[in-house]
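Visitor:
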Amino acid sequence: MIQNMEGNLYWDAVKAQCWLKNCPERTSEEVRRIQKEIWESIDHGVLPKGPKFLMLKITSGCNSDCSYCAYSASQAKYRRQGDISLERIRAIAVQAGELGVAAVGINGGEPLIRKDFPEIVKAFVSQKVVPILMTNGLWLPRYWDELGACGLNYIVISFDSLKKEHYELHRGARFEDALAGIEAAIAMREKYKDVIIHVTAVLTRHNAPDLEELVRHMSEKGIWVEIGAYQHQEFQEDDTMSMEGRKEAEALVGRLIQMKQEGFLISNSEEYLSHIPDFFIDRKNVPEGYECLVGQAILFADDYLNVKPCSSSQLHVVGNLENQSLEEIWNCGRLEEYRARMRKADCGGCWYLCNEVSALLRRP
23 MIQNMEGNLY
33 WDAVKAQCWL
43 KNCPERTSEE
53 VRRIQKEIWE
63 SIDHGVLPKG
73 PKFLMLKITS
83 GCNSDCSYCA
93 YSASQAKYRR
103 QGDISLERIR
113 AIAVQAGELG
123 VAAVGINGGE
133 PLIRKDFPEI
143 VKAFVSQKVV
153 PILMTNGLWL
163 PRYWDELGAC
173 GLNYIVISFD
183 SLKKEHYELH
193 RGARFEDALA
203 GIEAAIAMRE
213 KYKDVIIHVT
223 AVLTRHNAPD
233 LEELVRHMSE
243 KGIWVEIGAY
253 QHQEFQEDDT
263 MSMEGRKEAE
273 ALVGRLIQMK
283 QEGFLISNSE
293 EYLSHIPDFF
303 IDRKNVPEGY
313 ECLVGQAILF
323 ADDYLNVKPC
333 SSSQLHVVGN
343 LENQSLEEIW
353 NCGRLEEYRA
363 RMRKADCGGC
373 WYLCNEVSAL
383 LRRP
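Quick note on my numbering: the sequence shown kicks off at 23 and runs consecutively.
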């Protein structure tokens with residue numbers, strides 16, 4: 023499985039960490055080491071030393087108005103006011119380094135609305151933890167050079183379509199600004215080298231016809247495309263976003279899998295793509311016999327520093343990084359109970375992109 027996972031978000035996170043440690047040739051070896059550690063921990067009933075990946079929301083503010091996001095500008099009145107302090111983020115970075123975390127996905131809201139974001143990048147780079155900027159890209163033209171100089175070498179940009187009307191329907195932002203953000207990421211890669219760029223596209227009925235064009239365009243630019251299935255939200259009527267028919271969904275997935283096999287830069291695993299029709303049409307959250315490894319490898323911290331083993335609303339908070347350490351939360355009993363449930367998909371299930379860690383770390 024590992025040989026076929028080039029472009030997987032978590033594979034690339036390990037690759038970026040190997041670059042940071044000046045040993046890029048060791049990516050496969052490091053992934054195998056993580057894989058072995060996780061499965062030995064499961065088989066022997068012990069925990070890995072710490073999470074391999076951390077997802078950290080550093081702000082609830084945002085400068086776009088995505089139609090399916092609880093952190094959109096129009097939802098701001100329902101969110102907390104104020105950001106996690108830089109001092110606290112630096113402490114988390116030290117803890118992450120000590121526990122051997124490979125990478126931290128820094129998101130929000132929109133991380134670039136924080137003026138101290140370059141200092142946040144430096145905090146994680148200094149601990150040999152790869153900071154992954156998860157951004158809408160709108161303000162990237164302002165900051166790419168400074169961020170590149172700080173050591174940022176991994177950018178994930180939310181970008182759903184090359185059709186202006188579909189992008190703006192989804193994202194509530196100017197299409198031209200989003201394109202400028204992608205060009206800024208390319209400029210960073212040209213100047214600072216070894217910069218990984220992904221775009222993530224949320225698949226809905228609106229942009230489904232656009233995805234093949236998006237993949238071709240981004241592949242020409244050396245940018246990976248990761249396609250996430252629209253997750254049904256309580257505040258959004260499902261039938262406004264979900265694809266309409268199984269045949270339509272199956273045909274799209276078939277074309278995407280074929281494009282991936284032909285070498286186009288689609289970072290999704292075939293397992294993830296192939297389940298999309300079941301998820302969209304039949305509301306079947308996970309495949310039969312699916313074993314979710316997310317709880318064995320990832321922790322999620324929200325903009326209040328509440329920590330969960332998954333971003334799904336179906337699992338509860340297990341700790342808070344304001345008054346507990348990363349290590350304390352990782353080793354708590356409640357989290358271990360959740361891990362066991364998640365491995366058996368006894369948690370309600372979801373089909374978030376973090377499921378791709380399961381494809382990467384599947385038992386050899």
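The C-beta atom is built at its ideal place from N, Cα and C for all residues, glycine as well.
Taking contact to mean at least 3 C-beta pairs separated by less than 8 Å, is the region 128-148 in contact with the region 74-94?
Guide: Yes, the region 128-148 is in contact with the region 74-94.
Visitor: For the alpha helix (DSSP H) that contains Leu42, what are its first and last residues?
Guide: Position 20 of the sequence shown, counted from the start, is the residue given in the question as residue 42. Segment 31-42, the alpha helix (DSSP H) holding Leu42.
Visitor: Using the rule of at least 16 other Cβ atoms within 10 Å of the residue's Cβ for burial, across every protein chain shown, is Ala362 buried or exposed?
Guide: The residue labelled residue 362 in the question sits at position 340 within the sequence shown. Flag for Ala362 reads exposed.
Visitor: So is Ser107 buried or exposed if we call it buried at 16+ other beta carbons inside 10 Å?
Guide: Start at 1 with the first residue of the sequence shown, and residue 107 comes out as number 85. Ser107 comes out exposed.
Visitor: Ends of the alpha helix (DSSP H) at Ile179?
Guide: Looking up residue 179 in the sequence shown gives position 157. Premise fails: Ile179 lies in the beta strand (DSSP E), 176-180, not in any alpha helix (DSSP H).
Visitor: Please state whether DSSP places Gln255 in a helix, a strand or coil.
Guide: What you label residue 255 is simply residue 233 of the sequence shown in a count that begins at 1. Below a pLDDT of 50, predicted positions are generally treated as unreliable, and Gln255, at 49, falls in that range; the measurement from the model is reported next regardless. Gln255 falls in the coil class under three-state DSSP.
Visitor: Out of Val247, His297, Glu349, state which residue places its alpha-carbon closest to the alpha-carbon of Glu28.
Guide: For the purposes of this step, residue 28 is taken as residue 6 along the sequence shown, with counting starting at 1. The candidate whose alpha carbon is nearest that of Glu28 is Val247.
Visitor: Once you ignore the five residues that flank Ser63 on each side, which residues in its own chain have a CB closer than 6 Å to its CB?
Guide: Position 41 of the sequence shown holds residue 63. Contacts found: Leu69, Pro70.
Visitor: In whole angstroms, what separates the C-alpha of His239 from that of Asp138?
Guide: Indexing the sequence shown from 1 puts residue 239 at position 217. Indexing the sequence shown from 1 puts residue 138 at position 116. Using only the alpha carbons, I get a separation of about 33 Å.
Visitor: Here's a check: name, in chain order, each residue in its chain whose Cβ is nearer than 6 Å to the Cβ of Glu256, leaving out the five neighbours to either side.
Guide: As a first step, residue 256 is located in the sequence shown; it is residue number 234 there, counting from the start. Because Glu256 sits at a pLDDT of 47, beneath the cut-off of 50, its placement in the model cannot be relied upon, and the point is left open.
Visitor: Beta-carbon separation of Ala202 and Val151 under 9 Å?
Guide: Walking along the sequence shown from the start, residue 202 turns up at place 180. Walking along the sequence shown from the start, residue 151 turns up at place 129. No; because the gap between Cβ atoms is not below 9 Å, this pair is not in contact.
Visitor: Identify the continuous alpha helix (DSSP H) that holds Phe302 and give its terminal residues.
Guide: Start at 1 with the first residue of the sequence shown, and residue 302 comes out as number 280. Residues 292-304.
Visitor: Going by Cα to Cα distance, which pick from Ala230, Lys330, Ala113 is closest to Glu141?
Guide: By 1-based counting over the sequence shown, the position of residue 141 is 119. When only C-alpha atoms are compared, the closest one is Ala113.
Visitor: Going by alpha carbons, who is nearest to Thr226 out of Glu51, Ala271, Arg196, Asp216?
Guide: Numbered from its first residue, the sequence shown carries residue 226 at position 204. Of Glu51, Ala271, Arg196, Asp216, the residue nearest in Cα terms is Ala271.
Visitor: Only counting the same chain, and skipping five residues up and downstream in sequence, which positions put a Cβ closer than 7 Å to that of Tyr294?
Guide: Counting from 1 along the sequence shown, the entry for residue 294 is found at position 272. Cβ within range, chain order: Asn377, Glu378, Ala381.
Visitor: Would you check if the distance between the CB atom of Val178 and the CB atom of Phe146 is smaller than 9 Å?
Guide: Taking the sequence shown and counting its residues from 1, the one referred to as residue 178 is at position 156. Taking the sequence shown and counting its residues from 1, the one referred to as residue 146 is at position 124. No, they are not a contact pair.
Visitor: Is the distance from the Cβ of Phe181 to the Cβ of Leu236 below 9 Å?
Guide: Counted from its first residue, the sequence shown places residue 181 at position 159. Counted from its first residue, the sequence shown places residue 236 at position 214. Taking 9 Å as the Cβ cut-off, Phe181 and Leu236 qualify as a contacting pair.
Visitor: At which residues does the beta strand (DSSP E) containing Lys79 begin and terminate?
Guide: Walking along the sequence shown from the start, residue 79 turns up at place 57. 75-79 is the extent of the beta strand (DSSP E) around Lys79.
Visitor: Check whether the Cβ atoms of Met364 and Pro386 sit closer than 9 Å, and answer yes or no.
Guide: Locating residue 364 in the sequence shown gives position 342, counting from the first residue. Locating residue 386 in the sequence shown gives position 364, counting from the first residue. Going by C-beta atoms, Met364 is not nearer than 9 Å to Pro386.
Visitor: Does the structure place the region 282-289 close enough to the region 302-311 that three or more beta carbon pairs sit under 8 Å?
Guide: Verdict: no, contact absent.
Visitor: DSSP state of Lys150, grouped into three classes?
Guide: Position 128 of the sequence shown holds residue 150. Coil, per DSSP.
Visitor: Across which residues does DSSP place Gly250 in a beta bridge pair?
Guide: For this step, residue 250 is matched to residue 228 along the sequence shown. BP columns for Gly250 point to Val224.
Visitor: State buried or exposed for Gly170, treating a residue as buried only when at least 16 other CB atoms are found within 10 Å of its CB.
Guide: Taking the first residue of the sequence shown as position 1, residue 170 is located at position 148. It is buried - the Cβ of Gly170 has at least 16 other Cβ atoms within 10 Å.
Visitor: Using only the heavy atoms of the ligand NAP, determine whether one of them is closer than 8 Å to the beta carbon of Glu51.
Guide: Annotation note on the ligand NAP: not contained in the displayed structure, which lists no ligands.
Visitor: CA-CA distance, Gly72 and Leu121?
Guide: Residue mapping note: residue 72 aligns to position 50 of the sequence shown, counting from 1. Residue mapping note: residue 121 aligns to position 99 of the sequence shown, counting from 1. Gly72 and Leu121: Cα-Cα distance of roughly 5 Å.
Visitor: Compare the C-alpha of Gly194 against each of Asn85, Gly173, Gly371 and name the closest.
Guide: Taking the first residue of the sequence shown as 1, we reach residue 194 at position 172. It is Asn85 whose Cα lies nearest to the Cα of Gly194.
Visitor: So what does Met240 bridge to, in DSSP terms?
Guide: The sequence position of residue 240 within the sequence shown is 218, counting from 1. Looking at the DSSP assignment, Met240 forms no beta bridge with any residue, so it has no partner.
Visitor: Output the boundary residues of the alpha helix (DSSP H) element that contains Val126.
Guide: The residue labelled residue 126 in the question sits at position 104 within the sequence shown. Unbroken run through Val126 is the beta strand (DSSP E), 125-129; no alpha helix (DSSP H).
Visitor: Find out if the Cβ-Cβ distance for the pair Trp373, Val275 is shorter than 9 Å.
Guide: Counting from one through the sequence shown, the residue named residue 373 turns up at place 351. Counting from one through the sequence shown, the residue named residue 275 turns up at place 253. No, Cβ-Cβ distance for Trp373 and Val275 is not below 9 Å.
Visitor: Would a C-beta distance cut-off of 9 Å place Glu344 and Leu327 closer than the cut-off?
Guide: Indexing the sequence shown from 1 puts residue 344 at position 322. Indexing the sequence shown from 1 puts residue 327 at position 305. In this structure, Leu327 lies closer than 9 Å to Glu344 by Cβ.
Visitor: Based on DSSP bridge pairs, tell me the residues matched to Lys330.
Guide: Counted from its first residue, the sequence shown places residue 330 at position 308. Paired residue(s): Phe322.
Visitor: Going by beta carbon distance, what residues of the same chain come within less than 8 Å of Gln258, once the five residues before and after it are set aside?
Guide: Translated into the one-based positions of the sequence shown, residue 258 becomes position 236. Residue confidence is low: Gln258 scores 47 on pLDDT, short of 50, so the model does not pin down where it sits. No coordinate-derived value is stated.
Visitor: Taking the DSSP output, what are the residues bridged to Thr157?
Guide: Working through the sequence shown from its first residue, we reach residue 157 at position 135. Partner(s): Ile179.
Visitor: Between the C-alpha atoms of Ile388 and Asn290, what's the straight-line distance to the nearest angstrom?
Guide: In the structure as shown, the chain starts at 23 and stops at 386, and residue 388 therefore has no counterpart that could be examined.
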